[in-house]
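Enquirer: Have a look at the structure that comes next, please.
Numbering (my numbering), first residue to last: -8 to 127.
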């Protein structure tokens, strides 16, 4: 990211990350879980690929079951990983928001102490800056 995002503009990307953690990643994990579950239900069809009279030895069935098992394992692991990623991202965002809120409250507390009072007339941060235009 070439442009640093700060302040209020930072809220949009944080909300997008929260949506990814709570909506997008779990949906994707469910898609992979459905693929895994579909592979489990196809075990009842394994015998249909066992046609020694047509194919000879059960080579097709063996190849099919190996492929099915690889897809089942990969889809299941991917689903689990996406789910864990969504939980981790959600926890990290919650921690960030908590820490940021705590830091903002502490900064406001210290700012009020440094200013001496809460009067807007004693707010050096908004009073402006002397840019040095002095007569020569």
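Each residue gets a CB set at the ideal place from its N, CA and C atoms; glycine is no exception. The structure presented is a predicted model; accordingly, all values stated were derived computationally and were not measured.
Rounded to whole angstroms, how far is the Cβ of residue 19 from the Cβ of residue 73, which I believe are closer than 8 Å?
Expert: Going by Cβ atoms, the distance from residue 19 to residue 73 rounds to 5 Å, so yes, they are a contact pair.
Enquirer: For the candidate residues 32, 8, 56, 54, whose alpha-carbon lies nearest to that of residue 82?
Expert: Checking every option, the nearest Cα to that of residue 82 belongs to 8.
Enquirer: Using 8 Å as the cut-off, can you tell me whether the stretch 29 to 36 makes contact with the stretch 89 to 108, which would need three or more C-beta pairs spanning the two stretches below that distance?
Expert: No, the stretch 29 to 36 does not touch the stretch 89 to 108.
Enquirer: How far does the alpha helix (DSSP H) with residue 7 in it reach, from first residue to last?
Expert: Per DSSP, residue 7 belongs to the alpha helix (DSSP H) from 2 to 10.
Enquirer: Which class does residue -7 belong to by DSSP, given the choice of helix, strand or coil?
Expert: Note that residue -7 scores a pLDDT of 49, beneath 50, so its modelled location is shaky and nothing firm can be said.
Enquirer: Helix or strand or just coil, what does DSSP make of residue 124?
Expert: If DSSP states are grouped into helix, strand and coil, residue 124 belongs with coil.
Enquirer: With 16 as the cutoff for other CB atoms within 10 Å, does residue 12 come out buried or exposed?
Expert: Buried, since its Cβ has 16 or more Cβ neighbours within 10 Å.
Enquirer: Going by other Cβ atoms of all chains shown within 10 Å of its Cβ, with 16 needed for buried, is residue 16 buried or exposed?
Expert: Under this definition residue 16 is a buried residue.
Enquirer: Kindly list the residues whose CB is nearer than 6 Å to the CB of residue 53, restricted to its own chain and excluding five residues on each side of it in sequence; keep chain order.
Expert: Answer for residue 53: no residue qualifies.
Enquirer: Taking 8 Å as the threshold (C-beta atoms), are residue 23 and residue 128 in contact?
Expert: This structure leaves residue 128 out entirely; the chain is present only between -8 and 127.
Enquirer: If you measure between the beta carbons of residue 85 and residue 26, is that distance less than 8 Å?
Expert: No, the pair does not count as a contact, with Cβ atoms beyond the cut-off.
Enquirer: Just reading off the alpha helix (DSSP H) that residue 49 is part of, what are its end residues?
Expert: Taken as a continuous stretch (DSSP letters only), residue 49 belongs to no alpha helix (DSSP H), as it is neither H nor E.
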